[in-house]
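Asker: Take this note's numbering: the last position of the sequence shown gets the number 984, and nothing is skipped along the way. Cβ atoms here follow ideal geometry from the backbone N, Cα and C, with glycine treated the same way.
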Amino acid sequence: MNKYIQIINKNIVSCEVLSADFRFQRLLNLNEAKTSSFSINYFAKSFIEIFCNNKLDGINNRASSILTSSPRAKAALLSQYFMDYHRNDFEQTLTSINNAVDLIQIEFNNYLSKNKLSKNINDIFTELDFYLTLYLQCDVVNKDFAKDNIPLNSSRNLIKDIVSWDRKNKKLPILLKLLRANFESHSFNDSISLLKLVESKYSCCFKSRLAIIKTAYNMPKRALKLSDENIFEDYRTELTSNFHSLAEGRFIADYNKITCDTPDLIDLLAIYDFSKFTLNYDLSNKTKQLLEQSDLFNSAVENGKYLNVAMDLGIKSFSDIYNKYSFDGSHANLIFSELVNSGDFDEAYKLFKEDEAFFRSNLVAVFKLLSSLKKYDEFEKLLVDVLNEDFNFSTFNAPLFTKLNTVFELWHDARFLKTSISFYDSYPQTKDKENGIIVTCAQGVKALRHLPIPILVEMKRRGWKVVHLCNNYFMEDSGYSSSGAYERLLNNKQSDWNIIYEDELAVKDNINYWKGIHEHVSIGLRRYHLDYNTLRVKKDFLYRKRSADAGVESLKELISEVDPSTPIRVLMWDPHTTPGHAMRLYCESQQLHGDVEVINYKNGHENLGSAKEQLYSQKLSIANLTRDKINFARLGSPNGFERWLENQDDIVANELPIIHRDLTKEQTSYLDELKSFRNSGGRVYCLLGKVIFDLCEPLKSGLVHESMEDWVNHTIRTIANDEKIKLIVKPHPQELKNTIALFGAEGLKDLVKESSVNVDVIEPDFIGLDVLLPHLDLAIMWSGSSCLELAQAKVPTIWVSRYAYGEMPIGITEPTDLADYESILKTGVLVSDLDRLKVRAQNFFKYIKSDDVAYPYRYTNRPLTNKNIWPVACYQEDFDAYRKNGRAVIENMCDDVF
């Protein structure tokens, strides 16, 4: 394998080229194009240099050759560049791409004419136009951006192009993938319009399939009322008639092991997808009962023998299906994937061994299978076979480039698991005693990268049992049947929830789990405002609800198995999203009896006060949230800070580090305006924003406001048109970066509904807080670490989050009620000991940087920000040091927390 790594590193471009940091800047050396004088014409000319001259600054010749010979690789980079440049403004992105493509065509023709060349670019542009369009509509948009921002008219135009290309090239699956992307991004009526457009392009058989999908998406997504039954009967009739229309003319005898006359296997698999739809959209029991009355579903259940009657579990046994029916390759791969995803690893492995060469095309499923069975060496050998037999480096192209990235990512994942899981396995579970239970629910390699495995090992050495609710990669017998329960319950029948979107209710067993589910969806879509009438938002919400349900139910299972006197510590990385948020709420509810507490582990606050952000964490914070009554582990606790102060010989800390910047002409002019305003008797206030969709707070409301949006607009209304006050609304600078906000689809500006002549809503990167500090009379915050800078500069500050003090207990003023808040804003009078605040801020900075809050800890290369940095890796020397009795830090962590 190392031989291949050397070959690839020498001969092709690294996957870093496609990372968000320097995707097109490095590729085309377009730094000057990122300035305010950015020119699409300049971009087009640069792009032509790639087409014709193979010029790629900073990349070796082999990489240049690969990219210049692959129109899809260039198209992918082009579209991604504009997405990054316009920060997810889709209308502007589409406009820029269209303009760029037109200009590239013009520039190319000029180039040919000038140089008397006759190169044919038609094939390149056929691929380019298609790929740009598809790229915007499918995977990348689905993963990184809020697609409901795409105007419907633009989508229609794009779909026309894709339908034309798709039909000519007979690529029906691509079209279906496109349809799914559009279903998830538009409301019902828009989706149906898009479907109708595509229906007209295809045969009757395909139109019948679309009719089934269209009917499914039209069904009520709420509990049915009596008045709905006639409507639903119409849906059911249309669905059944369309299905029978679809079955006409099909030669079911081709599937010689299928005896039913309706429907055939392909359609049964389609119905399975439909059953997953009913689960995803949480159709009511009444709706499911009506479905069961349908001839369509009765036929599937009776003749297919594998579709669950209740429509909750989907397929009972994939191994049975595989043995009963004949399959082509795509169906065999489907069965294989479902066996792996359902945890039936023994059956999946038998199937895999029947034809390894065939199934290795499904590398992700094979990785999950062999990693779960801890056959890491077998997986590495398979990857070598893939590289030997499936890659022709002399004709390397974009699809192979993508596949190669996958190969090496999985190879690194397997090596990571081999090191970390083998280390864990070398310390077996205790059998003769049980001093307590440690519970984990780490899903996938990303979560395992953060999981502090050495702490689990240390607690096993101390006689504690470890129970993994997600047990796929550990495959450890803890003696409790709840091991692996999360995976088992995730797609299982779930108990009834009361979900009322308009009232922000997601209630189960009298606990409202709304906030954590909503925040997880908000983080995923990178936006504050969520429209629960759109399919994408509702689908994401209900998926996260299922995750919350599985987390709570699996925890219930475990607790029911454990003696009430045995301490249980639930270890989690993120207590603000699913399933962690729900599990914490359940643990700390009044319904639970016994010694159950939540432990949170986080990276240390290592970039705070640093001019240059580091990529990987070198420290770990871990805290008992239940005992200390805090939100997360990263900032210690109020009581911990006071104890730390008592143990300091000198409570006068050093000045906080200040980052000095060179000012532009516009910044200098703005500061002069502020100085002039203050010299004339005015007061300058600054409202400081946060990353608005990732607050990490259990409740939406603040101390005196219903929400952050309410706070921002109430603040503007309170001081509106006051000639003696200038309010600067300053968004968080991270809004424009890919480390924390990850290019959010919404920012603080999107919360501002009010306006006034004395309010400046500035750009996030217009001017730094450090530059504004000398010119401020009052700072207004929700919460955050900026309070440390403000306190050091002795700027009077008020904050309004109900959790701010618990995070930064330095003594910032909090309003007692709404009238108190308004009074402070109108008068500018704030009673506060600014000298004391400065000292406490300096000491708190020192406290959160100390080993009392963040322990020296590596073991794995954990990204320090929200940016996902691959590949994963272990620091082998750290694991070796632990084995050689280098356990002091880990022992201290366990002593402090457990």
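Mind checking who V593 pairs with in its DSSP beta bridge?
Answerer: DSSP lists N584, N598 as the bridge partner or partners of V593.
Asker: Report the three-state DSSP secondary structure of K705 (helix, strand or coil).
Answerer: Strand.
Asker: Taking the Cβ atom as the reference point for each residue, do F884 and I866 lie within a distance shorter than 7 Å?
Answerer: Just to set this straight, residue 884 is Ile in the shown sequence, not Phe. Going by C-beta atoms, I884 is nearer than 7 Å to I866.
Asker: Can you find the residues in the same chain that come closer than 6 Å, C-beta to C-beta, to G549, ignoring five residues on each side of it along the sequence?
Answerer: In chain order, T516, K519, N521 place their CB closer than 6 Å to the CB of G549, counting only its own chain and leaving out the 5 sequence neighbours on each side.
Asker: Inspect the beta-carbon positions of L992 and E893 and report whether they are closer than 7 Å.
Answerer: This structure leaves residue 992 out entirely; the chain is present only between 87 and 984.
Asker: Drop a sphere of 10 angstroms on the beta-carbon of R922, count the other beta-carbons inside from all chains shown, and report buried for 16 or more, exposed for fewer.
Answerer: exposed
Asker: How about V656 and V525: do their beta carbons lie closer than 7 Å?
Answerer: yes
Asker: Say whether the segment 499–511 touches the segment 532–542, bearing in mind that this needs 3 or more beta-carbon pairs closer than 8 Å, one atom from each stretch.
Answerer: yes
Asker: Return the first residue and the last residue of the beta strand (DSSP E) that T526 is part of.
Answerer: It spans 522–526 - the beta strand (DSSP E) in which T526 sits, taken as one unbroken run.
Asker: Between D981 and the rest of its own chain, which residues show a CB-CB distance below 7 Å, the 5 nearest in sequence each way excluded?
Answerer: none
Asker: Using a threshold of 7 Å, state whether the C-beta atoms of L911 and T804 are closer than that.
Answerer: yes
Asker: Roughly how far, in whole angstroms, is the beta-carbon of E900 from the beta-carbon of L789, given that I think they are within contact range, below 8 Å?
Answerer: 6 Å
Asker: Identify the continuous alpha helix (DSSP H) that holds V450 and give its terminal residues.
Answerer: For V450, the enclosing alpha helix (DSSP H) stretches over residues 449–458.
Asker: Below 6 Å CB to CB, which residues in the same chain sit around A827 once its five sequence neighbours on both sides are set aside?
Answerer: Excluding positions up to five away in sequence, the list reads V777, Q820, E821.
Asker: Look at the alpha carbon of F453 and the alpha carbon of R535, and state the distance between them as a whole number of angstroms.
Answerer: 16 Å
Asker: Within its chain, find whatever has a CB closer than 8 Å to the CB of V472; leave out the 5 residues flanking it on each side and keep chain order.
Answerer: Cβ within range, chain order: R446, L449, V493.
Asker: Looking only at its chain, what residues have a beta carbon closer than 6 Å to the beta carbon of K391, apart from the 5 residues adjacent to it on each side?
Answerer: Residue confidence is low: K391 scores 33 on pLDDT, short of 50, so the model does not pin down where it sits. No coordinate-derived value is stated.
Asker: With a CB to CB cut of under 7 Å and the five nearest residues on each side skipped, what residues in its chain are close to V648?
Answerer: Within the same chain, V648 has close Cβ partners I523, I654.
Asker: Run the CB neighbour count on P860, radius 10 Å, all protein chains shown included, and call it buried at 16 or more, exposed below.
Answerer: exposed
Asker: Can you look up A356 in the DSSP assignment and give me helix, strand or coil?
Answerer: Only weak support exists for where A356 lies, its pLDDT of 42 falling under 50; the coordinates are left without a value.
Asker: Measuring CA to CA, which of A500, N686, A927 is closest to F718?
Answerer: Nearest option by C-alpha distance: N686.
Asker: Kindly indicate which residue of N799, S887, C873 has the alpha-carbon position closest to the one of V925.
Answerer: C873
Asker: T883 bridges to which residues according to DSSP?
Answerer: A865
Asker: State the Cα-Cα distance for the pair V843 and T902, rounded to the nearest angstrom.
Answerer: 29 Å
Asker: Is the segment 587–606 touching the segment 666–678 in the sense that three or more CB pairs, one from each, lie closer than 8 Å?
Answerer: yes
Asker: Does N558 pass the burial test, meaning 16 or more other C-beta atoms within 10 Å, or should it be called exposed?
Answerer: buried
Asker: Is the beta carbon of L864 sitting closer than 7 Å to the one on P882?
Answerer: yes
Asker: In angstroms, rounded to a whole number, what distance separates the CA positions of T825 and P650?
Answerer: 43 Å
Asker: In terms of alpha-carbon separation, which member of K823, S512, L834, S608 lies closest to P817?
Answerer: L834
Asker: Considering only residues of the same chain and omitting the five flanking positions on each side of H800, which have a CB-CB separation below 7 Å?
Answerer: So the list reads H791, once near-sequence residues are dropped.
Asker: Bridge partners of V682, per DSSP?
Answerer: I654
Asker: Whose C-beta lies closer than 7 Å to the C-beta of G602 among residues of the same chain, with five residues either side of it excluded?
Answerer: A634, H662, T663, T664, H667, A668
Asker: Looking at S569: is its Cβ nearer than 7 Å to the Cβ of H554?
Answerer: Yes; because the gap between Cβ atoms is below 7 Å, this pair is in contact.
Asker: Can at least three beta-carbon pairs, one atom from the segment 752–768 and one from the segment 951–966, be found at a separation below 8 Å?
Answerer: Note that the segment 752–768 does not touch the segment 951–966; fewer than 3 beta-carbon pairs, one per stretch, sit closer than 8 Å.
Asker: Grab me the residues of A940's own chain with a C-beta within less than 6 Å of its C-beta, minus the 5 sequence neighbours each way, in chain order.
Answerer: Cβ-Cβ distances below 6 Å link A940 to G690, K705, S707 in the same chain, with the five nearest sequence neighbours on each side left out; the list follows chain order.
Asker: Using C-beta distances below 8 Å, list every residue in its chain close to L576, excluding the 5 sequence neighbours before and after it, in chain order.
Answerer: R632, S633, A636
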